[in-house]
Amino acid sequence: MVDFFVSTFGMSPTVAAILAAGIQCALLLNVVAVGALVFIWMERKIAGRIQDRLGPTRVGGRFGWLQTLADGIKLIAKEDLTPADADALLFKLAPYISFAASFTAYMALPFSDGWVAVHVNAGVFFILAVLGLEVFGTILAGYASGSKWSLFGAIREAAQVVSYEVPLGLCVVVPVMICGTMDLVAIANMQSAGIWSWLIFHDPFTFCIFWIYFTCAMASVNRAPFDLAEAESELVAGFHTEYSGLRWSFFFMAEYGSMFLVSGLAVILFFGGWNGPLAIMSDKIIGVIPGLGLAGQPNAWGFIAGCVGAANFIMKATIGVTVMIWVRWTLPRLRIDQVMTMCLKYCVPLAAACFLGAVFVKAEIFGLGYLSVDAWLPGLRSDRLEVREGWMTEVEGEGVTLSTEKTLVHGDG
Amino acid sequence: MLPLMAQLTVSHYLFVGAVLFVCGVACMATKRNALGVLMGVELVLNGANMNFIAFASPLLREKHLGLDGQLVALFVIVLAAAEAAVALAIALNFYNNHSTIDVDRASELKG
Amino acid sequence: MLLAAVDWHSYFFMLFAMLACAFAMGVLLTSNIVRMAFYLVLSLGATAGLYFLAGAEFVGAMQLMIYVGGTLVLLIFGVMLTAQSRFVSMKIRPDEWILVASLGGALLLLLLYVAFSVPEWRMEHPHPAEISVAETKLAAPIGLALSGVRLDDGIGYLFPFLIVSVHLLVVLIGAGYLARTKRRATSEN
Chain A
1 MVDFFVSTFG MSPTVAAILA AGIQCALLLN VVAVGALVFI WMERKIAGRI
51 QDRLGPTRVG GRFGWLQTLA DGIKLIAKED LTPADADALL FKLAPYISFA
101 ASFTAYMALP FSDGWVAVHV NAGVFFILAV LGLEVFGTIL AGYASGSKWS
151 LFGAIREAAQ VVSYEVPLGL CVVVPVMICG TMDLVAIANM QSAGIWSWLI
201 FHDPFTFCIF WIYFTCAMAS VNRAPFDLAE AESELVAGFH TEYSGLRWSF
251 FFMAEYGSMF LVSGLAVILF FGGWNGPLAI MSDKIIGVIP GLGLAGQPNA
301 WGFIAGCVGA ANFIMKATIG VTVMIWVRWT LPRLRIDQVM TMCLKYCVPL
351 AAACFLGAVF VKAEIFGLGY LSVDAWLPGL RSDRLEVREG WMTEVEGEGV
401 TLSTEKTLVH GDG
Chain B
1001 MLPLMAQLTV SHYLFVGAVL FVCGVACMAT KRNALGVLMG VELVLNGANM
1051 NFIAFASPLL REKHLGLDGQ LVALFVIVLA AAEAAVALAI ALNFYNNHST
1101 IDVDRASELK G
Chain C
2001 MLLAAVDWHS YFFMLFAMLA CAFAMGVLLT SNIVRMAFYL VLSLGATAGL
2051 YFLAGAEFVG AMQLMIYVGG TLVLLIFGVM LTAQSRFVSM KIRPDEWILV
2101 ASLGGALLLL LLYVAFSVPE WRMEHPHPAE ISVAETKLAA PIGLALSGVR
2151 LDDGIGYLFP FLIVSVHLLV VLIGAGYLAR TKRRATSEN
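Residue numbers (my numbering), protein chains in the order written: chain A, 1 to 413; chain B, 1001 to 1111; chain C, 2001 to 2189.
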């Protein structure tokens, strides 16, 4: 984007860099904010339908699609209260911490091939790390409120999130292991051949581990049935009991932001990212027509392919969010001991077992290699290797020499 | 003060490391809350880690420690996590037995 | 690439360094334990930023994930479990402050003297054009080194890695054993 500004408008590189950074910030901020608006409306509609109601119907004409905006205006107009017992500084800061953590992770989330604000090589790791910071907002909010309900909520949240990070990490490691890189763009590009190349269908273990990932992701973003931190029936409203107005809405922006984030991560890791179930936009099909640029090329065709990819990605991630909403309104809330049992007794061992299984499949130990799609469609593995080679030569082009095979031979000596 | 435009050197990082380290040591010395002492330890470890990272950084020196510095920093982080877990367990145990977390009250073995 | 960004590099260094130092001082100076934890989070977060700037991306991410996301959450958890009254604060006497300030100041001066006394450490990178930023972005060499294979001519870290793993397991069990629920001692308040 910087190059574009410099070449087209003849700007100085510094101005161009600032402008590009501003545009990217604005885009990301809007994805989070507008996303939250849409998802909250969706949640209310779906909840309504599940409970045999209509949900919002009036605001903005049909379907009440402006309901969230009206609610937002109402929230802005509300009085911003700080309880007398509260630790005022932390109380005021907490919602921003939550929101900032959720928003920062978007920096490393690619929306389409190359459409990412900061191309982090350890993207998966970065997103998980930053997402783990979101819990601080909740904990500080609960503690600083000076209310026992909030404190209970915060303690539960701390215990729950720290526990669920373990299986979540184990689940995420599996696609990373199969792909051999932590770069989200490369991982998604490895699944471009069509629905059968998506990693969820790679072998039975990845299929299992996706469901574990989704469960743990739901727990780590505090969605029902794991929303122990805000259990209305026991804790009034948990950690945000004392919040009102805009600060309260920041917590919700953070929650919906991270819901979309974990769904997006699932889409990239397991569901092919921005690649559709049939590889229409990929190089292999559109690329054979002469005159048409390939996806990812810096021309109009590349841009269109990028747009289609982004739409694809957002659609898949939205489906993920919808499932989360659906689950929330279907299942009753778990007890805190059940939540911890679920994590430590079921999710962790299952994830560990699936991880081991995936390792066996990948390394073709015990003849388990035949469980993998690669064994039946040999092209897939070479496709992935090709992407990985491309990624490595790209890095090598920047001055790094890295060849694992050479290393292993060298290292044995 | 060093000019802002100057390229960074190892000394810059050592400066930050030293401040973290001293703050941590002072924390360990003054805080009476056991968890405050623990936080001081974390600061000290980070001050030390900063030095490892600075000396390992290929951006700051030509003859750098390379991967070794980063690996040591990683081990420090992991061990700090383990240390925090054990220290916290001890603090909780102490709190269970004495209903306080004030380290000055842990004086039963005083002659 | 790096050369064009050198100014930004220093600016960001200044920003993160100031944040880290200021919040470290905050940890020292505040007497409210939750504020302490909060300042510590910010200080260590800024430290992670400094690691990123120094080209240790993996360590920076690790710092965020393990330290900030794990260890400090654990600490705050401990704070919550052991807080007798809300926002407990334990005061430090003025004479203690004076002692600590003089000793700490002396230590800081000594460390700073050492940090700036070696001329080699004050030298800028002699060949900034040869720096490859990409080299620092890879996590693979670290992973390989932990499994005993080094890309450069160094020793592998497989054995320390094993020891640390066993150590962590022991700590896990030990901490669980130490912190298990027992009947509370009778408290007067």
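Where is the CB? At the ideal position from N, CA and C, for every residue including glycine.
To the nearest angstrom, how far is the alpha carbon of residue 2038 of chain C from that of residue 101 of chain A?
14 angstroms
Partner residues on chain A for residue 2038 of chain C, Cβ-Cβ distance less than 7 angstroms:
90 and 140
Express the C-alpha separation of residue 1032 of chain B and residue 1093 of chain B in angstroms, rounding to a whole number.
17 angstroms
Starting from residue 1057 of chain B, find everything on chain C with Cβ-Cβ shorter than 7 angstroms and list it in chain order.
2054, 2055 and 2056
Residue 1046 of chain B: which of B/1090, B/1016, B/1010 and B/1067 sits nearest, CA to CA?
B/1016
Output the distance between the C-alpha atoms of residue 157 of chain A and residue 376 of chain A, rounded to the nearest integer angstrom.
44 angstroms
Simplified DSSP state of residue 1102 of chain B, which is helix, strand or coil:
strand
Hey, would you say residue 80 of chain A sits closer than 8 angstroms to residue 245 of chain A, going by beta carbons?
yes
Who are the neighbours of residue 2154 of chain C on chain A, taking C-beta pairs under 8 angstroms?
The contacting residues do not exist; residue 2154 of chain C stays about 10 angstroms from chain A at best.
For residue 64 of chain A, count neighbouring Cβ atoms within 10 angstroms of its own Cβ and tell me buried if that reaches 16, exposed if not.
buried
For residue 224 of chain A and residue 324 of chain A, the rounded distance between their alpha carbons:
8 angstroms
Throw me the rounded Cβ distance for the residue 2020 of chain C and residue 1020 of chain B pair, which I believe falls under 8 angstroms.
7 angstroms
Count the other CB atoms within 10 Å of the CB of residue 1008 of chain B; is the residue buried (16 or more) or exposed (fewer)?
buried
Go to residue 60 of chain A, then tell me how far its alpha helix (DSSP H) extends in each direction, as first and last residue.
Neither: residue 60 of chain A is in no alpha helix (DSSP H) and is coded neither H nor E.
Count the CB pairs spanning the segment 237-244 of chain A and the segment 136-153 of chain A that are closer than 8 angstroms, and state whether there are at least three.
yes
Against chain C, with Cβ distances strictly below 8 angstroms, would residue 1107 of chain B count as a contact?
no
Residue(s) in a DSSP beta bridge with residue 112 of chain A
A/115
Looking only at DSSP bridge pairs, what is residue 1033 of chain B linked to?
B/1102
Answer yes or no: does any C-beta atom of chain F fall closer than 8 angstroms to that of residue 1048 of chain B?
The question asks about chain F, but that chain is absent: this structure's protein chains are A, B and C.
Does any CB atom of chain C fall closer than 8 angstroms to the CB of residue 212 of chain A?
no
Residue 2032 of chain C in three-state terms, based on DSSP
strand
Report yes if the C-beta distance between residue 210 of chain A and residue 270 of chain A is below 8 angstroms; otherwise report no.
yes
Suppose the cutoff is 7 angstroms on Cβ atoms and the five residues either side in sequence are ignored; what does the same chain contact list for residue 163 of chain A look like?
340, 343 and 344
Taking all protein chains shown into account, decide if residue 25 of chain A is buried (16 or more other Cβ within 10 angstroms of its Cβ) or exposed.
exposed
Could you spell out where the alpha helix (DSSP H) holding residue 257 of chain A opens and where it closes?
245-270
Which class does residue 242 of chain A belong to by DSSP, given the choice of helix, strand or coil?
coil
Given a cut-off of 8 angstroms, decide if residue 313 of chain A and residue 276 of chain A are closer than it, judged by their beta-carbon atoms.
no
Does the CB of residue 2022 of chain C have a neighbour CB from chain A at under 8 angstroms?
no
Out of curiosity, what's the CA-to-CA distance linking residue 2172 of chain C and residue 1082 of chain B?
8 angstroms
Cβ shell of residue 1051 of chain B (< 8 angstroms), same chain only, five flanking positions each side left out
1013, 1014 and 1017
Look at the Cβ atom of residue 2176 of chain C, then the Cβ atom of residue 1035 of chain B, and state whether they are nearer than 8 angstroms.
no
Using the beta-carbon count (16 or more within 10 Å), is residue 1040 of chain B buried or exposed?
buried
With C-beta atoms as the reference, is residue 2012 of chain C less than 8 angstroms away from residue 2046 of chain C?
no
Whole-angstrom distance between residue 215 of chain A and residue 379 of chain A, CA atom to CA atom
32 angstroms
Closer than 8 angstroms to chain C by CB, residue 1022 of chain B:
yes
At a CB-CB cut-off below 8 angstroms, which residues of chain A make contact with residue 2139 of chain C?
121, 122, 125 and 182
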